[in-house]
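Everything below concerns the one structure shown next.
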Amino acid sequence: MSTEYWRWPESRWTSPEIDGKAGRMITAGLDVGSVSSQAVVMIDGALFCYSSLRTGSNSPESAQRAMEYALTGTGLILTDIHYVVGTGYGRVNIPFAQRALTEIACHARGANFMYGPTVRTILDMGGQDCKAIRCDAKGKVTNFLMNDKCAAGTGRGMEVFADLLSVPIEDMGRLSFEVDTEPPPVSSTCVVFAKSEAVGLLRKGWPKERVLAAYSSAMAHRVVELLERIQVEQDFAITGGIAKNEGVVKRIEAELKIKALEPKYDAQIAGALGGALFAKALVEKERGLR
Amino acid sequence: MNVAGVDCGAKSAKVLILGDEKVLARVAVLSGFDPKAAAAQALDEALKQAGLSRGDLSHVTATGTGKNEVVFATSEITEVGADARAVIVLFPAARTVIDIGAEEGRAIRISPEGKVIDFAINEKCAAGAGTFTETMARTLEVAVEDMGPLSLKSQNAVPMNAQCAVFAESEVVSLIHAKHSKEDIARAVHDAMADRIASMARKIGIDKSIVLVGGMAKNVGFVNSLQRNLKEEILIPENPEYSCALGAALTAAERAKGA
Chain A
351 MSTEYWRWPE SRWTSPEIDG KAGRMITAGL DVGSVSSQAV VMIDGALFCY
401 SSLRTGSNSP ESAQRAMEYA LTGTGLILTD IHYVVGTGYG RVNIPFAQRA
451 LTEIACHARG ANFMYGPTVR TILDMGGQDC KAIRCDAKGK VTNFLMNDKC
501 AAGTGRGMEV FADLLSVPIE DMGRLSFEVD TEPPPVSSTC VVFAKSEAVG
551 LLRKGWPKER VLAAYSSAMA HRVVELLERI QVEQDFAITG GIAKNEGVVK
601 RIEAELKIKA LEPKYDAQIA GALGGALFAK ALVEKERGLR
Chain B
492 MNVAGVDCGA KSAKVLILGD EKVLARVAVL SGFDPKAAAA QALDEALKQA
542 GLSRGDLSHV TATGTGKNEV VFATSEITEV GADARAVIVL FPAARTVIDI
592 GAEEGRAIRI SPEGKVIDFA INEKCAAGAG TFTETMARTL EVAVEDMGPL
642 SLKSQNAVPM NAQCAVFAES EVVSLIHAKH SKEDIARAVH DAMADRIASM
692 ARKIGIDKSI VLVGGMAKNV GFVNSLQRNL KEEILIPENP EYSCALGAAL
742 TAAERAKGA
């Protein structure tokens with residue numbers, strides 16, 4: 351079987367500082383996206399563990415797998431968790447979630463925790479959509495714009511290019527800077543047309559790093575247009591899988607002339623993290639603590 | 492008097508030669524990555540078919556995305572203009588022209604004299620062009636020319652949610668996994684595309700008669716879906732993929748007379 355360059359690595363993390371058994375309130379958020387799924391577990395309001403893996407064809411199964419993967423080796427099991435909030439494209443299909451909330455609300459809430467209360471604009475670049483979200487100091491959404499109709503400016507577009515150029519997806523950002531001068535951006539918006547344009551450029555003798563640079567800046571330009579429509583208020587942060595692609599992130603920053611905040615954790619877990627935070631608030635409400 | 496029309500499109504270059512208002516030759520050559528060479532090759536093959544040489548042509552008019560690449564052309568005409576020019580000759584009752592090529596879709600409203608009243612173009616998104624069907628055919632592992640006949644055998648209408656060709660590809664894979672038949676999926680692909688084309692045409696207002704040209708007019712499945720969507724009969728000329736080249740050739744003849 352041929353190499354699948356788009357296959358990004360699955361991952362998990364456990365906090366070395368928290369004792370899972372000593373927690374009084376254990377909550378979780380599950381973000382079942384169209385391409386990736388994340389599970390985040392929080393103990394008494396602190397991040398305890400998380401996982402990130404590829405969504406399969408079956409949402410409930412992917413949710414189950416993400417949760418089990420996050421809890422691996424922690425000594426906790428699913429029934430130890432007091433409240434689970436589901437979010438993302440597959441949120442209505444999570445059998446063990448008590449509540450489903452939109453990913454817009456969860457991303458803003460998660461970004462508020464991850465980047466601090468100064469965040470006012472969040473760009474979430476997901477696998478099959480892209481959202482520009484404005485929020486207040488509490489992480490409450492005040493406005494948002496979204497593109498979920500077109501692959502341009504989404505992780506899927508980048509995956510198509512990973513396969514076309516035979517570059518592992520996690521190397522794409524770094525490689526896109528290995529050019530002498532920045533080429534003009536790919537002119538097609540549509541990923542299908544951009545792909546044929548790129549094939550033409552390769553035929554003309556462009557090295558793949560240069561083609562990658564041209565696509566990365568086209569992608570950055572595309573999402574900057576979305577951001578300009580909603581107007582960026584600082585601080586600014588990027589979440590989602592593309593937040594890990596420095597080739598796109600740095601080009602967005604250059605075009606906006608605004609630096610994005612550095613994430614404290616994996617930027618891809620923002621949605622699930624927001625879910626876990628909402629779950630905590632819901633438990634507190636139930637217990638009469640709020 | 493002999494003239495030629497050259498339609499240098501995204502996927503192929505088409506040449507049509509008219510001799511005293513009669514079609515003498517029609518040739519298409521895949522453009523690949525060298526549209527200039529493809530246009531020249533198509534012209535030379537068409538001249539050979541017609542038994543003519545380049546010197547016998549009084550005027551050559553170029554159209555299509557790559558019209559600037561046609562170095563031997565005497566003049567140019569827009570694709571919209573060429574479509575209108577050809578269709579009013581082919582079907583004098585035509586008032587709406589829909590032209591779906593490989594990478595572009597157009598809807599044009601024309602007057603009884605064949606003048607362009609209004610038009611809409613999609614050149615930005617593969618979902619409204621022939622590339623869409625081609626991509627889906629590849630995913631279904633079906634030859635693109637079989638997509639039409641296959642979809643006519645469909646028993647069930649399966650809805651497709653994705654608009655983007657990239658997302659639709661994943662959706663087709665999911666539909667295959669969900670055990671939908673290739674026939675039903677092929678129809679879903681054409682229905683989805685017809686829906687987008689129809690909404691583009693509705694933006695400029697649809698008048699009868701409706702004429703469909705361009706490569707997609709050869710796909711009977713798509714024609715069926717569009718007909719069902721518009722609830723109107725759709726007229727299709729013979730050799731619909733040459734209508735832009737014909738429009739250019741008719742323009743060339745007119746300009747040669749005027750000169």
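For the record, the sequence lines run as chains A and B. The numbers in the numbering used here rise by one with no breaks, and the one at position 221 of the first sequence is 571. The numbers in the numbering used here rise by one with no breaks, and the one at position 64 of the second sequence is 555. No residue lacks a Cβ here, since even glycine has one placed at the ideal position from N, Cα and C. Nothing here was measured: the structure is a model prediction, and the numbers come from that model.
Among the CB atoms of chain A, none fall inside 7 angstroms of the CB of Thr-742 of chain B.
Proximity of Gly-550 of chain A to chain B, defined by a Cβ-Cβ separation below 7 angstroms, is satisfied. The region 390 to 401 of chain A and the region 361 to 372 of chain A touch, with no fewer than 3 CB-CB distances between them shorter than 8 angstroms. For Ala-568 of chain A, no chain B residue has a C-beta closer than 9 angstroms to its own C-beta; the minimum C-beta separation is roughly 13 angstroms. Using a Cβ distance threshold of 7 angstroms, Val-582 of chain A and Thr-471 of chain A count as a contacting pair. Contacts between Gln-654 of chain B and chain A, judged by CB atoms closer than 7 angstroms, involve Lys-499 in chain order. The DSSP assignment places 548 to 554, 587 to 591 as complete runs of the beta strand (DSSP E) inside the region 518 to 600 of chain B, in order along the chain (cut-off: 3 residues). For Ile-608 of chain B, the closest C-alpha among the options B:Leu-507, B:Cys-616, B:Gly-572, B:Ile-725 is that of B:Gly-572. For Gln-581 of chain A, no beta strand (DSSP E) encloses it, and the DSSP letter there is neither H nor E. Here the C-alpha atom of Asn-493 of chain B lies approximately 48 angstroms from the C-alpha atom of Ser-567 of chain A. Counted as a single uninterrupted DSSP element, the beta strand (DSSP E) harbouring Ile-393 of chain A occupies residues 386 to 393. Under the three-state reduction of DSSP, Leu-380 of chain A is assigned to strand.
Residue burial annotation: Pro-650 of chain B is exposed, with fewer than 16 other C-beta atoms found within 10 angstroms of its C-beta. Annotation for Ala-747 of chain B: Met-492, Val-494, Ser-549, His-550 place their beta carbon closer than 8 angstroms to its own, counting only its chain and skipping 5 residues before and after. Rounded to whole angstroms, the gap between the alpha carbons of Ala-618 of chain B and Ile-688 of chain B is 9 angstroms. Sequence-distant Cβ neighbours of Tyr-439 of chain A in its own chain, meaning closer than 6 angstroms and more than five residues away, are Gly-383, Ser-384. Relative to Ala-378 of chain A, the option among A:Lys-488, A:Leu-576, A:Met-508, A:Ile-427 whose CA is nearest is A:Ile-427. When Cβ pairs closer than 8 angstroms are counted between the two stretches, the region 495 to 511 of chain B is seen not to touch the region 470 to 485 of chain A, the count staying below three. For Ala-617 of chain B, the closest Cβ of chain A is nearer than 7 angstroms.
Using a CB distance cut-off of 7 angstroms, Phe-511 of chain A does not count as an interface residue toward chain B.
Between the alpha carbons of Met-375 of chain A and Ala-611 of chain B lies a distance of about 58 angstroms. CA-to-CA, the gap between Lys-709 of chain B and Leu-717 of chain B works out to about 13 angstroms. The beta carbon of His-671 of chain B does not come within 7 angstroms of any beta carbon belonging to chain A, so the residue lies off that interface. Only residues of its own chain outside the window of five on either side were considered, and among them Gly-379, Tyr-400, Ile-619, Ala-622, Leu-623, Ala-626 have a CB closer than 6 angstroms to the CB of Val-390 of chain A, listed in chain order.
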